[in-house]
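A short worksheet on the structure shown next.
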Amino acid sequence: MPGPPSYDAPPPFDAAAARRVRESLGMAPGHVAHGMQASYGLRHITPDTIAAWERGIASPSPSELSALAAVLWCEPTQLIGTPRSLREFRLIRGYASADVARAIGMDPASYDQAERTGKWTGDARQSAALASVLSLSARDRLTATGHDDRLAELLREAAETRWQAHIRAVAKLTGIDKHTLEEPLRTMHQEYQRLIAATLSRAGGSAASGEQGRVYLDQVLDHFWSRLPGI
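Counting in my numbering, the sequence shown tops out at residue 1682, every number present.
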C-alpha cells in the first residue's frame, strides 16, 4: 500500500484530462508551451515538457499548473486528479495555507503541521469551517482530515458483525445523522453476508472469507458513500 503523499509533492495531475482539453482546442504541445513562455515567463517549458506531463512521466508544479490551465482556457481543477490529502484539497482551491488557517480560526503553525503529518487536530467548529472554506463534501472532509482509515475500519466491522453496534461511532466520525445511516449500513451488512454465505455454499464451508468478500471490504468506502448521494 502506498504511503501518504509527500508534503512537498505537487497536486495530483490528471494527465489524460490535460491532453483531452488541449486536443479539444486544436492545440499542439508547442502551442501550449509557447503560451506558457510568452504569457507567464516560464521559459523552461518546452513541447517536450507538455508531452511528459501528458504521458504521466512528470507533473507540473502549482504555479505551472495555474499557467497551464490559463493557456488551456480551463479551471485548474479540471486538470487535477482525485485529491488525497488536506494539502491537495487546498491547492486545487488555489488558497495559501495561511489564508485557510486564518479563515477557520486556527494557528498557522498548527494548520501547517496538520498538512505535513496528515493528522487533523481542529475542533468541531474549525472542522466545519474547513469544509465550508474548501467546499468539501462529507466524504472529502473525512479524506482531507485523515479519517478515511478509521471510517473504513468501522464500516468493515459493521458489515462483518452487528451493524447496529457501529452506527453511533460512524455518526460521530462522519457528522451524519444516525437515522440517515441506518439504511446504508443495513444494506451493506446484508450484501456482505450474502457474499460470505455464497462462498461458504460453494466451498463446503471451508472459505469463510472468499475473494468476493475481500473485494467488497476493500471497496467499503465506495459502497458507503454511493448510498449517501448529495452528502
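Using N, Cα and C, we set each Cβ at its ideal position, and we do this for glycine too.
Which residues does DSSP pair with residue i in a beta bridge?
i, result
"residue 1531", "1464"
How many angstroms separate the CA atom of residue i from the CA atom of residue j?
i, j, result
"residue 1657", "residue 1607", "Low confidence applies here, because residue 1657 scores a pLDDT of 44, under 50, leaving its location unreliable; read the following figure in that light. Their backbone Cα atoms lie some 21 Å apart in a straight line."
"residue 1517", "residue 1599", "29 Å"
"residue 1508", "residue 1644", "43 Å"
"residue 1638", "residue 1673", "14 Å"
"residue 1560", "residue 1540", "18 Å"
"residue 1624", "residue 1575", "11 Å"
"residue 1661", "residue 1668", "11 Å"
"residue 1551", "residue 1649", "50 Å"
"residue 1441", "residue 1569", "An answer regarding residue 1441 cannot be provided, because it is not within the stretch 1452 to 1682 covered by the chain."
"residue 1616", "residue 1609", "7 Å"
"residue 1591", "residue 1499", "34 Å"
"residue 1601", "residue 1578", "17 Å"
"residue 1505", "residue 1548", "28 Å"
Do residue j and residue i come within 8 Å of each other at the CB atom, strictly closer than that value?
i, j, result
"residue 1463", "residue 1573", "no"
"residue 1594", "residue 1571", "no"
"residue 1605", "residue 1620", "yes"
"residue 1480", "residue 1466", "no"
"residue 1636", "residue 1618", "yes"
"residue 1589", "residue 1626", "yes"
"residue 1472", "residue 1529", "yes"
"residue 1767", "residue 1585", "This structure does not reach residue 1767, given that the chain is present from 1452 up to 1682, and the question cannot be answered."
"residue 1519", "residue 1469", "yes"
"residue 1476", "residue 1542", "no"
"residue 1515", "residue 1493", "yes"
Would you verify that the beta carbon of residue i is, or is not, closer than 8 Å to some beta carbon of chain B?
i, result
"residue 1665", "Reference to chain B is not applicable here, since this structure consists of a single protein chain."
Where does the unbroken alpha helix (DSSP H) through residue i begin, and where does it stop?
i, result
"residue 1487", "1480-1491"
"residue 1623", "1618-1625"
"residue 1504", "1498-1506"
"residue 1562", "1559-1568"
"residue 1595", "1589-1595"
"residue 1676", "1671-1677"
Item to check | Stretch-stretch touch, CB-based, cutoff 8 Å, three pairs: the segment 1554-1570 with the segment 1479-1491 | outcome: no
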